[in-house]
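Residue numbers (the numbering used here): 425 to 556. Here is the structure we will look at, set down as structure tokens.
Right under this line is the structure:
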């Protein structure tokens, strides 16, 4: 597990890089329970390389005080990418399209298998969309 990371507007819980050979590398993050509880919105974000056909290259599960309609939401995703040991340097946010999906979560923090399942569902949903 990676070290604790927190920011006022983005807290990555899990990030994942999808490789060309169909494999994936992911990393989960430890967060302090009191910090986790104070940030309310959970998002699964698929990150697509801008091309004629969307190619999902990465994904995040993150908590944020922002909602996806906030003008600065993309900066929260960009900050999470920059803080990631597996995404930083491999994903160029300025060349990407973000597909966020807000997830309703009540109770304890999501487990790693739950986050991977959510990410896999959204990967399947967004992997055939065209980037704008």
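Just so it is clear, CB atoms sit at the ideal spot from N, CA and C, and this is done for glycine as well. All of these numbers come straight from a predicted model, not from anything done at the bench.
Is residue i near the ligand ATP - that is, is its Cβ less than 7 Å away from at least one heavy atom of it?
{"i": "residue 491", "result": "This structure does not include the ligand ATP; it has no bound ligands of any sort."}
Per DSSP, residue i is paired with what?
{"i": "residue 438", "result": "452 and 485"}
{"i": "residue 467", "result": "486 and 526"}
Under 8 Å, do residue i and residue j count as touching if we go by C-beta distance?
{"i": "residue 449", "j": "residue 515", "result": "no"}
{"i": "residue 463", "j": "residue 487", "result": "yes"}
{"i": "residue 466", "j": "residue 527", "result": "yes"}
{"i": "residue 433", "j": "residue 484", "result": "no"}
{"i": "residue 439", "j": "residue 482", "result": "yes"}
{"i": "residue 535", "j": "residue 517", "result": "no"}
{"i": "residue 460", "j": "residue 537", "result": "no"}
{"i": "residue 480", "j": "residue 442", "result": "yes"}
{"i": "residue 524", "j": "residue 492", "result": "yes"}
Would you grab the beta carbon distance between residue i and residue j for me? Rounded to a whole angstrom, and I think it's under 8 Å.
{"i": "residue 436", "j": "residue 495", "result": "Their Cβ separation, rounded to whole angstroms, is 21 Å, which puts residue 436 and residue 495 out of contact at 8 Å."}
Point to revise | Those runs of the beta strand (DSSP E) which lie wholly inside the stretch 472 to 535 and span at least 3 residues | key: 479 to 488 and 520 to 527
- Below 8 Å, can you find three or more Cβ-Cβ pairs linking the stretch 530 to 546 to the stretch 460 to 471? Short answer: they touch.
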